[in-house]
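Asks: In the working numbering, the protein residues as written are 4 to 279. Just so you know, even glycine gets a beta-carbon here, dropped at the ideal spot from N, CA and C. None of these values were measured; they are calculated from a predicted model. Structure in structure tokens, see below.
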Amino acid sequence: MLKSASKILALALACSALCWAEQMLNLTLYVTKNYMAIYALGGWTKDFYYRAAPDLYESRYISLHKEKEDDAGHIVWALYSEKNGMLDSVIVDENGEIYSAVGRGEGGIWPPHLKHKLTQHRADKIVVAPLSIFDKVLKELHISRHVSKSDTTDIFIILDPNRIAEPDDNRETFLNKVRTYKPLMQMIKDEGFAYLTIAFSSDFDENKFDYSDVAILIQDIYKTLELEVPPRRERTFIQPLSARDHLIIKDKELLEKINKILKDVLDKDKTTIRPQ
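Written as structure tokens, this is what we have:
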């Protein structure tokens, strides 16, 4: 999988100026159509695998347990409260850990016995349902933030066409897929992250999504996710994520392109409204 700092393209998207200062890279969420991972404390977490699947409640992105990357995976189940016939909140124990377990049978399609793990009686209705990858990732973000003792309100999110879209997807199809991550973005904001910075990888497919139009594409992603463009800050070179992973911008022409795109995003955000 591609997760080195050398593969994160500055050009992408701070949309208005992310400072690219070191604190901006303290916490990074890497999103693909098959897994998510978190960068914190100088390294990456394990991959959190998932897939889209309908269940009794709605179509959701559900967590998968895999022994290795090419496994089909087994569904991970968790305890949820139910409200008005819909899943409400994932239930955690006194230590904040999610009550979860891998499902039984082929692919984990049968729910495990979890309700007996509850240490106290609850008046609300409890159900066993596939664990949402959004709940899993939010929990891991909370842990990473707590362990690092960071009070940052910034998070860097790598969410680009190469990782989300299928080869034959067009721009609108890609944006529709981006929209499915909107609940996760709201959960991250509710966790206390005020500034979400969207980014692409450096192997962004310029043939499908022309660089000349990248400012509008970035703007559309923010609007699709109903996110505000982060405020302008002092921009600096990207800092290395670790001793061996460096992304230092040395090409003056590239730096000029980055500054132009950031300016274009700001200008378009003020003057352009594109229908979704």
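1) Just to confirm, is the Cβ distance from I161 to A202 under 8 angstroms?
2) By the DSSP assignment, the alpha helix (DSSP H) with Y225 in it spans what residues?
3) Does DSSP classify V105 as helix, strand or coil?
4) Counting Cβ pairs closer than 8 angstroms, one from the stretch 168-181 and one from the stretch 40-53, do we hit at least three?
5) Thinking just about the alpha-carbon of each residue, which of V79, Y38, L32 is nearest to the one in W113?
6) Verify the contact flag: S135, CB atom, against every heavy atom of the ligand MN, threshold strictly below 7 angstroms.
7) Report buried or exposed for K86, applying the criterion of at least 16 other Cβ atoms within 10 angstroms of its Cβ.
8) Taking the CB atoms as reference points, tell me whether H77 and G111 lie closer together than 8 angstroms.
9) Under DSSP, the beta strand (DSSP E) around V130 begins and ends at which residues?
10) Classify L134 as buried or exposed, calling it buried when 16 or more other Cβ atoms lie within 10 Å of its own Cβ.
11) Tell me the DSSP secondary structure of G46 in three-state form.
12) Nearest by alpha-carbon distance to I65: which of V140, I221, I219, V181 is it?
13) Spatial neighbours of D91 within its chain, please: C-beta separation below 7 angstroms, excluding the five flanking residues on both sides.
14) Rounded to whole angstroms, what is the Cα-Cα separation between D2 and R54?
15) When you compare the CB positions of D138 and T122, do they come within less than 8 angstroms of one another, or not?
16) So I3 is in the alpha helix (DSSP H); what residue range does that whole segment cover?
17) Where T200 and V93 are concerned, what is the direct C-alpha to C-alpha distance, given to the nearest angstrom?
18) Report back the beta-carbon spacing between K180 and I167 to the nearest angstrom; my notes put them in contact at under 8 angstroms.
19) So the alpha helix (DSSP H) L230 belongs to, where does it begin and stop?
Replies: Put simply:
1) yes
2) 217-227
3) strand
4) no
5) V79
6) In terms of ligand content, the structure shown is empty, and the ligand MN therefore cannot be addressed.
7) exposed
8) yes
9) 128-133
10) buried
11) strand
12) V140
13) Y83, S84, E85
14) One cannot answer for residue 2 here, as it falls past the ends of the chain, which runs 4 to 279.
15) no
16) Limits of the chain in this structure are 4 at one end and 279 at the other, which puts residue 3 out of reach.
17) 27 angstroms
18) 5 angstroms
19) Careful: L230 lies outside any alpha helix (DSSP H) and carries neither H nor E.
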